[in-house]
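Numbering (the numbering used here), first residue to last: 6 to 77.
Here is the structure we will look at.
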């Protein structure tokens, strides 16, 4: 599942796409919630697979250049 993959894409709707290297497949997930501290991560294909998660932002795109930089 997600733990063994790498994030390929995230969009403004908070849809996440992971590449799972163990099975060589893409997994689509939806992040739902009012704030990032208390969210539910739901598998788009198997909607009964849900995880309660808290998200912390570690990097953000720079202003103007779009380069991802670690936040301090």
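In this text, a Cβ means the ideal position worked out from N, Cα and C, and glycines have one as well.
Can you tell me whether residue 21 is buried or exposed, with buried defined as 16 or more other CB within 10 angstroms of its CB?
-> Numbered from its first residue, the chain shown carries residue 21 at position 16. Buried, because 16 or more other Cβ atoms sit within 10 Å of the Cβ of residue 21.
Take residue 12 and list the residues in its own chain whose beta-carbon comes closer than 7 Å to its own, dropping the five residues that flank it on each side.
-> On the chain shown, residue 12 is found 7 positions in, with the first residue counted as 1. Excluding sequence neighbours, residue 12 sits near 21 and 23.
Rank 14, 63, 34 and 15 by C-alpha distance to the C-alpha of residue 50 and give the top, closest one.
-> In the chain shown, residue 50 corresponds to position 45, counting from 1. Residue 34 is the option with its Cα nearest to residue 50.
Going by DSSP, name the residue or residues bridged to residue 57.
-> Here residue 57 refers to the residue found at position 52 of the chain shown. BP columns for residue 57 point to 45.
Near residue 26, what residues of its chain come up, given a Cβ to Cβ distance below 6 Å and the 5 sequence neighbours on each side ignored?
-> In the chain shown, residue 26 corresponds to position 21, counting from 1. There are no such residues.
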